[in-house]
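Worksheet: one structure, shown below.
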Amino acid sequence: MAGTDQTVGTAFSAEDNDMLLAAVSDQLAAGVFPDQDGAVLARLVEGLGDQRGLVRFGFAERLAAIGLPAAPFLRRALREHGNVAVRRAAAKTFTLMQDPQSMVTLGAALTEDPDPVVQGSAAGALAELGGGAVPLLLAVLENPRHSAFCKGLAAWAMASIGARGAEKLRPAMESPLADVRAAVVGALGDQIQNSGDQEALTLLHQALEDPSEEVQAEAVTAFGKLQHPRFIPVLAASLESPHPEVRKNGALALMKCRNGAGLPPLEMAQRREGDGPLAAVLALAVTLLRRSLGTGAEDEIRSGS
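This note's numbering applies: residue 7 is where the sequence shown begins, and numbers increase by one.
So, in structure tokens, the structure goes:
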């Protein structure tokens, strides 16, 4: 995998890149671009190293318009190019191209490239591929040699895929790894939001009983994002959890729901917490929810605060 020490230093001038971009744009508009010309395609990839952001984006758009003939050149750049700007732009170009054949290269960039921007862009490109990328992302989460940063990006990509990968996500709820189950829970929340999937909703309820605090907390957050009054009791019950992270996520979810039914359980939890570690979170949740309901000033006067 290429290093990150070279961020600039393209062999071509700004004028060279401008002329090439204009010529290729004209050819694409006329439908006569020589997409089998490897030298031109390789030169277009080098244009991704231009120091001007708009010009880099222009090259990315033209490469995406050329499509699959450009993919091998982009894959090679993503794997091997010494200029990190080119690798970053190559990864971002794949979000425009959505080429399933580049999935393995994108997975390697996510887990092996030393540049975090390249890794993040590779995760974004994998998310654009939809359900087909779920097995690869699950493998990243399950591999103990990968960093927490890589796993976080993989979890984010899975959540972004959401409903598009639901069928491949569900079996992963049986994974022995809490990281994997938590990532799946986040993606299932998106599935429910988009389609009202009852099976996904059942799995989300089951996640509230998961032995892992992390999975339970993720489930509470997912219920909060659904923004439906019928889940207020679920969020209220989370305030009685023995796990601090679950209680915190429940308090924040109730705060964001802007529903008066969430205020009594929050106030009760605040009294129960006293000076405990979540006192500040609960105080903030109560104050902001009161404010959103238009009751904050009255309560503050009544309590003398």
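Every residue, glycine too, gets a C-beta built ideally from N, C-alpha and C.
Task: Local Cβ density within 10 Å of Asp105, reported as buried at 16 or more and exposed below that - done: Here the question's residue 105 lines up with position 99 in the sequence shown. Classification of Asp105: buried, given that the 10 Å Cβ count is 16 or more.
Task: Short Cβ contact (7 Å threshold) for Leu245 with Pro271 - done: Position 239 of the sequence shown, counting from 1, holds the residue named residue 245. Position 265 of the sequence shown, counting from 1, holds the residue named residue 271. With respect to the 7 Å criterion, Leu245 and Pro271 are classified as neighbours on the basis of their beta carbons.
Task: Same chain, Cβ closer than 7 Å to Glu219, neighbours up to 5 away in sequence not counted - done: By 1-based counting over the sequence shown, the position of residue 219 is 213. Around Glu219: His249, Glu251 and Val252.
Open item on the list: On the criterion of 16 or more Cβ atoms from any shown chain inside 10 Å, does Gln233 qualify as buried, or is it exposed?
Closed with: The residue you call residue 233 lines up with position 227 of the sequence shown. Exposed, by the Cβ-count rule.
- [ ] Let me know if Phe155 comes out buried or exposed under the rule of 16 or more other beta-carbons within 10 Å of its beta-carbon.
- [x] The residue labelled residue 155 in the question sits at position 149 within the sequence shown. It is exposed - the Cβ of Phe155 has fewer than 16 other Cβ atoms within 10 Å.
TODO: May I ask which residues mark the beginning and end of the alpha helix (DSSP H) holding Met179?
DONE: Taking the first residue of the sequence shown as 1, we reach residue 179 at position 173. Counted as a single uninterrupted DSSP element, the stretch harbouring Met179 is not any alpha helix (DSSP H), since DSSP gives it neither H nor E.
Task: Run of the alpha helix (DSSP H) containing Gln222, from where it starts to where it stops - done: As a first step, residue 222 must be located in the sequence shown, where it is residue number 216. Note, Gln222: alpha helix (DSSP H), Glu219 to Lys231.
Task: Exposure of Ile307, with buried meaning 16 or more beta-carbon neighbours within 10 Å - done: The residue labelled residue 307 in the question sits at position 301 within the sequence shown. Here Ile307 scores only 33 on pLDDT, less than 50, and its place in the model should not be relied on; the value that follows carries that caveat. With fewer than 16 other beta carbons inside 10 angstroms of its own, Ile307 counts as exposed.
- [ ] Return the first residue and the last residue of the alpha helix (DSSP H) that Leu2 is part of.
- [x] Absent from the model: residue 2. The displayed extent of the chain is 7 to 311, so no value can be given.
Task: Runs of alpha helix (DSSP H) wholly within the region 96 to 169 (minimum 4 residues, chain order) - done: If only uninterrupted alpha helix (DSSP H) runs of at least 4 residues are considered, those enclosed by the region 96 to 169 are 109 to 118, 122 to 134, 140 to 148 and 154 to 167.
TODO: Select from Ala28, Leu112 and Ala223 the residue whose C-alpha is nearest the C-alpha of Ala160.
DONE: Along the sequence shown, read from residue 1 onward, the residue named residue 160 stands at position 154. Shortest Cα-Cα distance from Ala160 to any of Ala28, Leu112 and Ala223 involves Leu112.
Open item on the list: Closest to Gly266 by C-alpha separation, out of Leu295, Ala96, Lys254 and Gln276, would be which residue?
Closed with: In the sequence shown, counting from the first residue as 1, residue 266 sits at position 260. The shortest C-alpha separation from Gly266 is found at Leu295.
- [ ] Compare the beta carbon distance of Leu102 and Ala129 with 7 Å and say whether it is the shorter of the two.
- [x] Numbered from its first residue, the sequence shown carries residue 102 at position 96. Numbered from its first residue, the sequence shown carries residue 129 at position 123. Contact flag unset, no.
TODO: Could you work out which residue in Val292, His152 and Leu147 is closest to Ala163 when comparing CA atoms only?
DONE: Counting from one through the sequence shown, the residue named residue 163 turns up at place 157. Considering only alpha carbons, the answer is Leu147.
- [ ] Consult DSSP for Phe18 and reduce its assignment to one of helix, strand or coil.
- [x] To locate residue 18, count along the sequence shown from 1; it is residue 12. Phe18: coil per DSSP, three-state reduction.
Open item on the list: Within a Cβ cutoff of 7 Å, which residues of the same chain sit near Leu209, ignoring the five residues on either side of it in sequence?
Closed with: For the purposes of this step, residue 209 is taken as the residue at position 203 of the sequence shown. Closer than 7 Å at Cβ, skipping near neighbours: Arg176, Met179 and Leu194.
Open item on the list: Less than 7 Å between the C-beta atoms of Phe18 and Leu47, yes or no?
Closed with: What you label residue 18 is simply residue 12 of the sequence shown in a count that begins at 1. What you label residue 47 is simply residue 41 of the sequence shown in a count that begins at 1. In this structure, Leu47 does not lie closer than 7 Å to Phe18 by Cβ.
- [ ] Could you name the residues of the same chain whose beta carbon sits closer than 7 Å to that of Gln107, not counting the 5 residues immediately before and after it, in chain order?
- [x] In the sequence shown, the residue the question calls residue 107 occupies position 101. Apart from sequence neighbours up to five positions away, the residues of its chain that approach Gln107 with a beta-carbon distance below 7 Å are Ala77, ordered along the chain.
TODO: Specify the secondary structure class of Gly53 as computed by DSSP and reduced to three states.
DONE: In the sequence shown, the residue the question calls residue 53 occupies position 47. In the structure shown, Gly53 sits in a helix (DSSP, three-state: H, G or I).
Task: Asp24 (DSSP reduced to helix, strand or coil) - done: Residue 24 sits at position 18 when you count from the first residue of the sequence shown. The three-state secondary structure of Asp24, taken from DSSP, is helix.
Task: heavy atom of the ligand HEM below 6 Å from Ala193 C-beta - done: The ligand HEM is not part of this structure, which contains no ligands at all.
Open item on the list: Taking its Cβ as the centre, do 16 or more other Cβ atoms sit within 10 Å of Arg187, making it buried, or is it exposed?
Closed with: Residue mapping note: residue 187 aligns to position 181 of the sequence shown, counting from 1. With 16 or more Cβ atoms within 10 Å of its Cβ, Arg187 is classed as buried.
Open item on the list: So the candidates are Ile72, Gly137, Asn149 and Leu258; which of them puts its Cα closest to the Cα of Gly44?
Closed with: On the sequence shown, position 38 is the one that residue 44 refers to. Closest by alpha carbon: Ile72.
TODO: Could you spell out the range, first to last residue, of the alpha helix (DSSP H) harbouring Leu299?
DONE: One-based indexing of the sequence shown puts residue 299 at position 293. Per DSSP, Leu299 is one residue of the alpha helix (DSSP H) stretching across Ala285 to Leu299.
Open item on the list: Measuring alpha carbon to alpha carbon, tell me which residue in Gly268, Ala289 and Pro283 is nearest Gln276.
Closed with: Walking along the sequence shown from the start, residue 276 turns up at place 270. Among Gly268, Ala289 and Pro283, the Cα nearest to that of Gln276 belongs to Ala289.
Task: Member of Gly53, Thr99, Phe65 and Glu118 whose CA lies at the smallest distance from the CA of Asn372 - done: Outside the displayed span of the chain (7 to 311) sits residue 372, for which this structure offers no information.
Open item on the list: According to DSSP, simplified to helix, strand and coil, what is Pro271?
Closed with: Numbered from 1 along the sequence shown, position 265 holds the residue referred to as residue 271. Of the three classes helix, strand and coil, the one that applies to Pro271 here is helix, per DSSP.
Open item on the list: If I measure Cβ to Cβ from Pro122 and keep anything under 8 Å in the same chain, skipping five residues before and after, which residues do I get?
Closed with: To locate residue 122, count along the sequence shown from 1; it is residue 116. Here the set comprises Phe155.
Task: Through-space distance from Phe65 to Leu26, alpha-carbon basis - done: What you label residue 26 is simply residue 20 of the sequence shown in a count that begins at 1. What you label residue 65 is simply residue 59 of the sequence shown in a count that begins at 1. Between Leu26 and Phe65, the C-alpha separation is close to 9 Å.
Task: Cutoff 6 Å; reference Gly256; Cβ partners in own chain excluding five residues on either side - done: Here residue 256 refers to the residue found at position 250 when the sequence shown is read from its first residue. Taken in chain order, the residues that qualify are Val226, Leu241, Ser244 and Leu245.
Open item on the list: Taking the straight line between their C-alpha atoms, what separation do you get for Val51 and Phe39?
Closed with: Here residue 51 refers to the residue found at position 45 when the sequence shown is read from its first residue. Here residue 39 refers to the residue found at position 33 when the sequence shown is read from its first residue. Val51 and Phe39 have their C-alpha atoms roughly 15 Å apart.
Task: Secondary structure of Pro235, DSSP reduced to three states - done: Locating residue 235 in the sequence shown gives position 229, counting from the first residue. DSSP, reduced to helix, strand and coil, places Pro235 within a helical segment of the structure shown.
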